[in-house]
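The next block holds one structure in the form of structure tokens; read it before the comments.
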């Protein structure tokens, strides 16, 4: 298989799917990154006239070097495995120790919701506290699987538009600071007045 060259694209993003064993990480990855196989799995798009390359990987563990290795993260758990949910919360807690990354949470296997080991309200409360967007999907049934990745892609690509607008705005002597894509989307801390004014920030899809 030929090596994919990011230089042939206008924008290049790296997305990690992270979660415990058996939650459907690889199935989710194949639903989004439909090209390649094995270690090289990617998707390419043309959006607003730009050629975009997204390379996807899966991993069970979260490591501190991932802050530099990836531009966005999808944290996954299974609706029929309460351990995987607790593990997903641990991953998100670990991620708060470094710079913010665009992140989405995926609850997979909702087609077996009758076997669930957790309360829907508890899941939504945990996402609300962490200001994370939650998507409920079924990778095996191909239900809703594209939406969480479209959300991450929208966040990543939208940054360039905001950056261009800022460049025009700061054509004055005021010096502007250009952030990388991951730094342009900090999570809002769940404290004080922010919690009240952003009470709907956790969105369930």
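Numbering (UniProt numbering), first residue to last: 1 to 205.
Built from N, CA and C at the ideal position, the CB exists for glycine as well.
For residue i, name the three-state secondary structure that DSSP assigns.
i, result
"residue 96", "coil"
"residue 119", "coil"
"residue 180", "Note that residue 180 has pLDDT 39, beneath the 50 cutoff, so the model's placement of it is unreliable and the number below is only indicative. Note: residue 180 maps to coil in three-state DSSP."
"residue 101", "coil"
"residue 16", "strand"
"residue 77", "strand"
"residue 85", "helix"
"residue 164", "Note that residue 164 scores 49 on pLDDT, short of 50, meaning its location in the model is unreliable and no value can be drawn from it."
"residue 169", "In this prediction, residue 169 has a pLDDT of 43, which is less than 50 and means its spatial position is unreliable; what the coordinates show is noted afterwards. In this structure, residue 169 counts as helix in the three-state DSSP scheme."
Could you name the residues that DSSP lists as bridge partners for residue i?
i, result
"residue 135", "106"
"residue 209", "The structure shown does not extend to residue 209, since the chain spans only 1 to 205, so no value can be given for it."
"residue 149", "BP columns for residue 149 are empty, so no partner."
"residue 72", "15"
My assumption, with CB atoms under 8 Å, is that residue i sits in contact with residue j. Please give the rounded CB distance.
i, j, result
"residue 123", "residue 107", "7 Å"
Sorted by chain position, which residues of the same chain lie with C-beta nearer than 7 Å to residue i's C-beta, five sequence neighbours on each side aside?
i, result
"residue 6", "12, 53"
"residue 94", "62"
"residue 50", "10, 11"
"residue 47", "157"
CB-CB under 6 Å to residue i, same chain, minus the five flanking residues each way: which ones, in chain order?
i, result
"residue 84", "20, 23, 77, 78"
"residue 138", "110, 111"
"residue 33", "41, 42, 43, 56"
Near residue i, what residues of its chain come up, given a Cβ to Cβ distance below 8 Å and the 5 sequence neighbours on each side ignored?
i, result
"residue 74", "15, 16, 17, 18, 28, 103, 104, 105, 106, 148, 149, 152"
"residue 118", "79, 82, 85"
"residue 143", "110, 111, 137"
Residue ranges of each alpha helix (DSSP H) run of no fewer than 4 residues wholly in the region 18–66, ordered along the chain?
25–32, all fully within the region 18–66.
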